[in-house]
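Please read the structure below before turning to the comments.
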């Protein structure tokens, strides 16, 4: 991989820099991404909420049937 200098990086257009950022981000494995304690707490809170919401949810087939009944 060719290493770019700071000067070369600064001459890239914004779309080129964004593309480079995307390539770098995509090159990371999931286990290489640090997760802070606050992020872990938020993820746990969201998973708990998802589990709670599932108890009140309906399947796609049931929802579709209800919509078709209401809007023939």
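Residue numbers (our numbering): 31 to 102. The beta carbon of each residue, even a glycine, is placed where N, CA and C say it ideally should be.
Shortest alpha-carbon distance to residue i belongs to which of the options?
i	options	result
residue 51	75, 93, 87, 39	39
Within the continuous alpha helix (DSSP H) that includes residue i, where are the two ends?
i	result
residue 85	No alpha helix (DSSP H) holds residue 85; DSSP gives it neither H nor E.
residue 38	36 to 41
residue 44	44 to 57
residue 100	90 to 100
Taking the straight line between their C-alpha atoms, what separation do you get for residue i and residue j?
i	j	result
residue 32	residue 65	30 Å
residue 43	residue 49	10 Å
residue 62	residue 92	40 Å
residue 75	residue 47	35 Å
For residue i, which residues in the same chain have their Cβ closer than 8 Å to its Cβ, ignoring the five residues on either side in sequence?
i	result
residue 99	none
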